[in-house]
Amino acid sequence: MSGNTLQLDKNGRLRHFLSIDGLNHHLLTEILDTAESFAGVTEQTVKKVPLLRGKTIVNLFFEASTRTRTTFELAAKRLSADVLNINITQSSTVKGETLLDTLRNLEAMHVDMFIVRHADSGAAHFIAANAAAHTSVINAGDGWHSHPTQAMLDMFTIRRVKGADFGSLRVAIVGDILHSRVARSQIHALNTLNTGEVRIVAPKTLLPADAKSLGAQVYHNLQAGIKDVDVIIMLRLQRERMQGAFLPSEHEYFELFGLTEKKLGHASPDVTVMHPGPINRGVEMDSEVADGPRSVILEQVTHGIAVRMAVMSMAMARKEVTPG
Amino acid sequence: MNEFGNISGIIADMAEQLSEEIARTGKSNPAMVGIHTGGVWVAEQLHQLLNIKEPLGSLDISFYRDDFTRIGMNPVVRPSQLPCSIDNRHIILVDDVLHTGRTIRAALNELFDYGRPASIMLVTLIERSGRELPIQANIVGRHVELRPGEHIKLSGPDPLTLEIKRTA
């Protein structure tokens, strides 16, 4: 499901943003550079630029989210767009309306962009494939498949902290890889940006069967997996997606895979610790680590706004010359 | 082909006119802001000649353009930098070429997002034909009449050169 013909227009420019898969180094770098220039907008007295004035953007969330939805909303507002938040669990799908009918009704209101989060993999692709020619679709997370703006804000954070030379970095992604759309997008992005070494660290039950084909080195032991790494990305244990016995207990998970100050000693001395949030304190990591000097977890949230502004404005540009 | 002669000489004349204008209107202690990229080059020289104490500010108006959906994003937008609060300050806005007036419109909008200046003066190295908005400069280095399809471009920063180009 690369969706590349869908994501790019005939000039190779971003039209929808659905997955990292298939986007090249140049385009990812352009997203990061554009985000860098938006970061300054947040520091102005008036935290707003008129780039998307008069455009209507709908946050179409079929699944609960606080951080992602609010940062998308803030990003859209800082670009001067009008934003509509639709929480589908309280809306017409409950009354039996299909996804396509919801889409057609919103299009009848002349919406320019859909930000879509859905529990089913491929939902954003489906909407992009069926949306009117002038609309853009941004994937804000679909099932286990992809969460490309989260991956890009993580890349932005890594570049800000460690510099642009991804080739010299060792990055370990730790935790529930199996259920994580974030991990899949991160691995794609890290590899596209030519990261020196990408590792995934997880118990066998939280890795997909084809883990080796993900494009990362697989470790089942935390200490070995984070040895000498420059960046550790912890993932949330997605209890809501687990049906069955993936883990003996959260306590045991923390013993083996939870990040503590002591275990951090195995990593590079200036290691950076990241987490896409929300954190289960005492499950994925100690509070001491989450709130410690190596953590950039709150910077990730701030960077999410600039990265989402970049992706939204890039997808909305050039609409008038390439209407389809 | 430099039919405009010594650009720094033109800027020196502009500096003289500008300081007379500042004295005449009583707009003392002004702050100077250049528009990326050419406007900043011109402003750098004016800023030095006028001995303005506060550092030069710069504006990148890319996010304020009105043709964004037609020509797309420029990924290398340099962040605008205003070294001081512009509230109640007299601002000297500097650009290289005043053409349609749309760049100045965007720059004015951006300036007002930073605060409420006491006044804004517009200084431009070249004033050419083709205005599409009711905008005019207070101080002009050279007036140029161009035929349709002709453009004037400042290159720099060292040395500054002006060139008239024809696009087919």
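Sequence lines, in order, name chains E and W. When the letters of the first sequence are read in order and numbered with the working numbering, they come out as residues 1 to 324. When the letters of the second sequence are read in order and numbered with the working numbering, they come out as residues 1001 to 1168. For glycine and all other residues, C-beta sits at the position ideal for the given N, C-alpha and C.
In angstroms, rounded to a whole number, what distance separates the CA positions of residue i and residue j?
i: E:T71; j: W:A1012; result: 49 Å
i: E:D291; j: E:A202; result: 23 Å
i: E:N139; j: E:G122; result: 9 Å
i: W:V1123; j: W:H1047; result: 12 Å
i: E:M314; j: E:K47; result: 19 Å
i: E:D270; j: E:R160; result: 14 Å
i: E:M309; j: E:T192; result: 21 Å
i: E:R104; j: E:A119; result: 20 Å
i: E:L169; j: E:A151; result: 16 Å
i: W:E1020; j: W:G1156; result: 27 Å
i: E:T56; j: E:V311; result: 15 Å
i: E:F126; j: E:V307; result: 24 Å
i: E:L51; j: W:S1058; result: 19 Å
i: E:I177; j: W:Q1081; result: 42 Å
i: E:N59; j: W:L1018; result: 51 Å
i: E:T322; j: E:H16; result: In this prediction, E:T322 scores a pLDDT of 42, lower than 50, which makes its location untrustworthy; no coordinate-derived value is stated.
i: W:V1144; j: W:N1029; result: 31 Å
i: E:G3; j: W:I1135; result: Bear in mind that a pLDDT of 49 at E:G3, under 50, signals an unreliable position, so the number given afterwards is only what the model happens to contain. Taking the straight line joining both Cα atoms gives about 47 Å.
i: W:M1001; j: W:I1164; result: Confidence at W:M1001 is low in this model, with a pLDDT of 44, below 50, so the placement of that residue is unreliable and no value is reported for it.
i: E:G324; j: E:G12; result: With a pLDDT of 36 at E:G324, under the threshold of 50, the predicted position of this residue should be treated as unreliable, and no value is reported.
i: E:L106; j: E:A317; result: 21 Å
i: E:E36; j: W:T1025; result: 40 Å
i: E:G196; j: W:I1035; result: 40 Å
i: E:L99; j: E:H110; result: 17 Å
i: E:G141; j: E:A75; result: 17 Å
i: W:F1112; j: W:L1160; result: 30 Å
i: W:F1068; j: W:I1061; result: 11 Å
Less than 7 Å separating the beta-carbons of residue i and residue j?
i: W:L1162; j: W:L1154; result: yes
i: E:H147; j: E:R181; result: yes
i: W:A1118; j: W:R1089; result: yes
i: E:R53; j: E:F61; result: no
i: W:P1079; j: W:P1055; result: no
i: E:V218; j: E:A211; result: yes
i: W:R1065; j: W:A1106; result: yes
i: E:K257; j: E:L222; result: Here residue 257 of chain E turns out to be Phe, not Lys, going by the sequence shown. Taking 7 Å as the Cβ cut-off, E:F257 and E:L222 qualify as a contacting pair.
i: E:L329; j: E:F156; result: Any question about residue 329 of chain E goes unanswered here, given that chain E covers just 1 to 324.
i: W:M1121; j: W:I1086; result: no
i: E:V198; j: E:L207; result: no
i: W:I1139; j: W:M1014; result: yes
i: E:A124; j: E:L18; result: yes
Name the residue from the options whose alpha carbon lies nearest to the alpha carbon of residue i.
i: E:D325; options: E:D82, E:H145, E:L100; result: Residue 325 of chain E is absent from the structure shown; chain E starts at 1 and stops at 324.
i: W:N1051; options: W:T1037, W:L1082, W:I1061, W:A1031; result: W:A1031
i: E:G175; options: E:T192, E:R69, E:R239, E:D33; result: E:R239
i: E:H134; options: E:K262, E:N24, E:D9; result: E:D9
i: E:F166; options: E:V229, E:L207, E:V218; result: E:V229
i: E:E73; options: E:A317, E:M316, E:G304; result: E:G304
i: E:T66; options: E:A216, E:H145, E:I279; result: E:I279
i: E:A286; options: E:A216, E:R236, E:L23, E:L18; result: The residue asked about is misnamed: residue 286 of chain E is Asp in this sequence, not Ala. The option with the nearest alpha carbon to E:D286 is E:R236.
i: E:A183; options: E:I115, E:S249, E:H275, E:S136; result: E:H275
i: E:E288; options: E:E261, E:E299, E:Q300; result: E:E261
i: W:H1151; options: W:P1159, W:H1099, W:A1137, W:I1104; result: W:H1099
i: E:G265; options: E:S80, E:A189, E:V231; result: E:V231
i: E:R255; options: E:F246, E:E284, E:S213; result: Note that residue 255 of chain E is Glu in the sequence shown here, rather than Arg. The shortest Cα separation from E:E255 among E:F246, E:E284, E:S213 belongs to E:E284.
i: E:K227; options: E:A209, E:L259, E:K204, E:L207; result: E:L259
i: E:G281; options: E:M316, E:M234, E:E299, E:K263; result: The question names Gly, but residue 281 of chain E in the sequence shown is Arg. For E:R281, the nearest C-alpha among the options comes from E:M234.
i: W:D1095; options: W:I1022, W:G1039, W:E1003; result: W:G1039
i: E:S213; options: E:T205, E:I187, E:L84, E:R78; result: E:I187
i: W:S1129; options: W:W1041, W:R1142, W:K1053, W:L1111; result: W:R1142
i: E:K77; options: E:T5, E:E63, E:T42, E:G215; result: E:T42
i: E:Q300; options: E:I86, E:E63, E:T5, E:D154; result: E:D154
i: W:L1110; options: W:V1097, W:I1126, W:F1068, W:F1063; result: The amino acid occupying residue 1110 of chain W in the given sequence is Glu; Leu does not appear at that position. Per the Cα distances, W:F1063.
i: E:L23; options: E:G143, E:W144, E:T102, E:S185; result: E:S185
i: E:G277; options: E:V171, E:S295, E:S268; result: E:S295
i: W:D1158; options: W:L1049, W:W1041, W:G1005; result: W:W1041
Report the neighbours of residue i on chain W: residues whose CB is nearer than 8 Å to its CB, in chain order.
i: E:G40; result: P1079, S1080
i: E:T45; result: D1113, Y1114, G1115
i: E:S136; result: Correct list: empty, because the minimum Cβ distance to chain W is about 12 Å.
i: E:S19; result: The premise fails here: E:S19 is roughly 21 Å from chain W at the closest Cβ pair, so nothing lies under 8 Å.
Can you pull the chain E residues whose beta carbon is under 8 Å from the beta carbon of residue i, in chain order?
i: W:N1109; result: P50
So which residues of chain E does residue i contact, with C-beta pairs closer than 9 Å?
i: W:F1004; result: Those do not exist, as W:F1004 stays about 32 Å from chain E at its closest Cβ, beyond 9 Å.
Please list the partners that residue i has in chain W, where partner means a Cβ-to-Cβ separation under 9 Å.
i: E:S268; result: Under the 9 Å cutoff, chain W gives no residues; its nearest Cβ is about 31 Å from E:S268.
i: E:S146; result: Neighbours of E:S146 on chain W: none; closest Cβ ~23 Å, over 9 Å.
For residue i, is the beta carbon positioned less than 6 Å from some heavy atom of the ligand MN?
i: E:A131; result: In terms of ligand content, the structure shown is empty, and the ligand MN therefore cannot be addressed.
Quick one: which chain W residues come within Cβ less than 7 Å of residue i?
i: E:S168; result: In chain order: nothing, as chain W lies at least about 24 Å away.
Uninterrupted alpha helix (DSSP H) stretches inside the region 10-72 of chain E (no shorter than 4 residues): Within the region 10-72 of chain E, the alpha helix (DSSP H) runs of at least 4 residues that lie entirely inside it are, in chain order, 25-39.
Segments of 3+ residues assigned as beta strand (DSSP E) that fall wholly inside the region 1003-1076 of chain W: DSSP runs (the beta strand (DSSP E)) wholly in the region 1003-1076 of chain W: 1031-1035, 1057-1059.
Whole beta strand (DSSP E) elements within the region 240-276 of chain E, 3-residue minimum: The qualifying runs are 272-274.
Beta strand (DSSP E) runs contained entirely in the region 148-218 of chain E, provided each spans 3 or more residues: Taking only runs of at least 3 residues, the beta strand (DSSP E) segments lying wholly in the region 148-218 of chain E are 170-174, 197-201.
Unbroken stretches of the beta strand (DSSP E), 3 residues or longer, contained in the region 1118-1154 of chain W: Listed in chain order, the complete beta strand (DSSP E) runs (minimum 3 residues) inside the region 1118-1154 of chain W are 1119-1128, 1139-1144.
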